[in-house]
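Colleague: Numbering (mature numbering (1 follows the signal peptide of the UniProt record, and there is no 0)), first residue to last: -20 to -1, 1 to 119.
#1: Around the C-beta of residue 104, are 16 or more other C-beta atoms found within 10 angstroms, so that it is buried, or is it exposed?
#2: Any chance you could list the beta strand (DSSP E) runs of at least 3 consecutive residues sitting entirely within the segment 20 to 69, in chain order?
#3: Please tell me whether residue 72 has its Cβ less than 8 angstroms away from any Cβ of chain B.
#4: Assuming contact is defined by CB atoms lying nearer than 8 angstroms, are residue 37 and residue 12 in contact in what I supplied?
#5: Hey, residue 101 and residue 86 are a contact pair by Cβ (cut 8 angstroms); roughly how many whole angstroms apart?
#6: Give the single residue among 29, 35 and 70 whose Cα lies nearest to the Cα of residue 9.
#7: Going by DSSP in three states, residue -18 sits in which element: helix, strand or coil?
#8: Could you tell me the alpha carbon to alpha carbon distance between residue 98 and residue 72, rounded to whole angstroms?
#9: So who's on the other strand from residue 12, going by DSSP bridges?
#10: Under 8 angstroms, do residue 6 and residue 14 count as touching if we go by C-beta distance?
#11: Does the separation of the CB atoms of residue 17 and residue 31 fall below 8 angstroms?
#12: Tell me the residue span of the alpha helix (DSSP H) that contains residue 74.
#13: Determine the DSSP secondary structure at residue 86, reduced to helix, strand or coil.
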C-alpha cells in the first residue's frame, strides 16, 4: 500500500516538474526587471534560443506590464534576433495576453556593450569563448 501511494505521488508531481521554469534575474529589480528562463536555453551551433520576461512600470500605452519573448543570440557574431513576442496586462507574463506575434520578425542586430542583450549573451554563451561586443555609434 505504501509503494502505491509513493508511485501515485510521483506520478502527480511528474507533470509539475517537467513544466517548471527556472527564471533568473538578469537586470533591474522589482517592477522594472528582465528575467531569463534558464530551462529554455537551447543551443544549435553558435545560435542559442531562450525565453525572457521583461517587467515594467507604469504600464505602457496598451495596458501591458510585461513582455515575454523568445530570442536568439549568435554567440559568434554577437547579434540578437526575436522569434516570438507576447504582451501581458500583469507582471511576469501573467494576466490578459494582449498581443502575440511569431516568426523572426526582428532582423539580426548587433548587441551593444553594457546592454541587457550583452548580459543575456554573457549568460547564454558562457560556454563559448569570449567575444568582442559591438560598440554602436551614439546618435
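Heads up, the beta-carbon is just placed ideally off N, CA and C, and yes, glycines get one too. Computed from a predicted model, the values in this text were never measured in an experiment.
Modeller: Per the coordinate set shown:
#1: buried
#2: 27 to 35, 46 to 54 and 59 to 68
#3: In the structure shown, chain B cannot be found, because there is only a single protein chain.
#4: yes
#5: Incorrect: roughly 16 angstroms between the Cβ atoms, too far for contact.
#6: 35
#7: Confidence is the limiting factor: at residue -18 the pLDDT is only 45, short of 50, which leaves the residue's position unreliable and the question unanswerable from this model.
#8: 21 angstroms
#9: 9
#10: yes
#11: yes
#12: Note, residue 74: premise wrong, no alpha helix (DSSP H); not H, not E.
#13: strand
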